[in-house]
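For the sequence shown, our numbering assigns the number 101 to the initial residue and increments by one for each residue that follows. Contents: one structure, followed by commentary.
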Amino acid sequence: MQISSFFPTVIGLDKLDLNINDIKELINIVYKLEKDEKNKNYNQSSMTIHGYHTSLSILTIERPVIQKLKQELKRVYNEYYKTHTGLKLPENVYFYGWGMISPKCAMSKPHVHPNSLISSAFYIKVPKDLKPSEGEFNIQDPRPAATFGFSDLVGPNLHSIKPEAGNIAIFPSWLEHFVTPHSSEEDRISIAINCSYDKGENGIKIK
Ligand SMILES: [Fe+2]
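Here it is in structure tokens:
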């Protein structure tokens, strides 16, 4: 029998080659942006509850640590794309990245990243006292009919990824996902990145 797997959903997990000081610097950049933008009238994402996301694309900041981050992003996006398609990541794609601070009880509702090709969540701060299922990145089965009850054939309807500082989860932008709330007094902080053929307002190419 020839078995085929149609409509695969490919998820990549990796660790970015950034050291503790790099990660600390990224955390400070996100907190500084929060402070600077607090009094401005920026558009908060309707997908995030209680959380904050930067309006500025972090990838446009000119600092050595951001340059390092961009090179690491290029590496993992290239690897993901090549594994997925067998091809090199096209040259004409743009990257956009925003910081997200999730204090106690913050969460993201189920959503996709429109007008984008490949998205990712890079974790830079994860509370040490997260309870099971708290602050997790959850992927729902993207096949609508797979929830009709044939679970022995389709497997679980939900996959959860536990965040770890320094790790990145990379996924197709059309894939619906959500983040569960947490009860820690510490913030959970991530940087989300879209890679798109659409430059948008602040998309940049990574050389
Ligand atoms: Fe998202």
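Glycine included, C-beta positions come from ideal geometry on N, C-alpha and C.
Do residue i and ligand 1 come close, with the Cβ less than 7 Å from some heavy atom?
i: Ala245; result: no
i: Ser208; result: yes
i: Ala269; result: no
i: His153; result: no
i: His277; result: yes
i: Ala265; result: no
Ligand 3 heavy atoms versus the CB of residue i: any closer than 7 Å?
i: His211; result: You won't find ligand 3 in this model; what it holds is ligand 1.
Just the C-alpha distance for residue i and residue j, rounded to the nearest angstrom, thanks.
i: Phe82; j: Ile103; result: Here the chain has residues from 101 to 307 only, and residue 82 is not among them.
i: Val226; j: Thr247; result: 31 Å
i: Lys132; j: Val254; result: 45 Å
i: Lys307; j: Lys209; result: 33 Å
i: Glu286; j: Leu156; result: 23 Å
i: Cys205; j: Val212; result: 21 Å
i: Glu263; j: Ile149; result: The residue you asked about is not Glu; residue 263 is Pro in the sequence shown. Answer to the nearest angstrom: the Cα atoms are 19 Å apart.
i: Leu173; j: Pro244; result: 31 Å
i: His184; j: Leu113; result: 13 Å
i: Phe222; j: Gln167; result: 15 Å
i: Asp241; j: Leu258; result: 6 Å
i: Met200; j: Met101; result: 48 Å
i: Met147; j: Glu191; result: 30 Å
i: Ile127; j: Ile158; result: 11 Å
i: Lys188; j: Arg163; result: 27 Å
Looking only at its chain, what residues have a beta carbon closer than 6 Å to the beta carbon of residue i, apart from the 5 residues adjacent to it on each side?
i: Trp198; result: His153, Thr154 and Ala292
i: Ile111; result: Phe271
i: Ser260; result: Glu236 and Asn238
Considering only residues of the same chain and omitting the five flanking positions on each side of residue i, which have a CB-CB separation below 7 Å?
i: Leu88; result: Examination of residue 88 is not possible in this model, given that the chain is present from 101 through 307 alone.
i: Glu125; result: Val165
Specify the secondary structure class of residue i as computed by DSSP and reduced to three states.
i: Val226; result: coil
i: Pro281; result: coil
i: Arg243; result: coil
i: Pro272; result: strand
i: His150; result: coil
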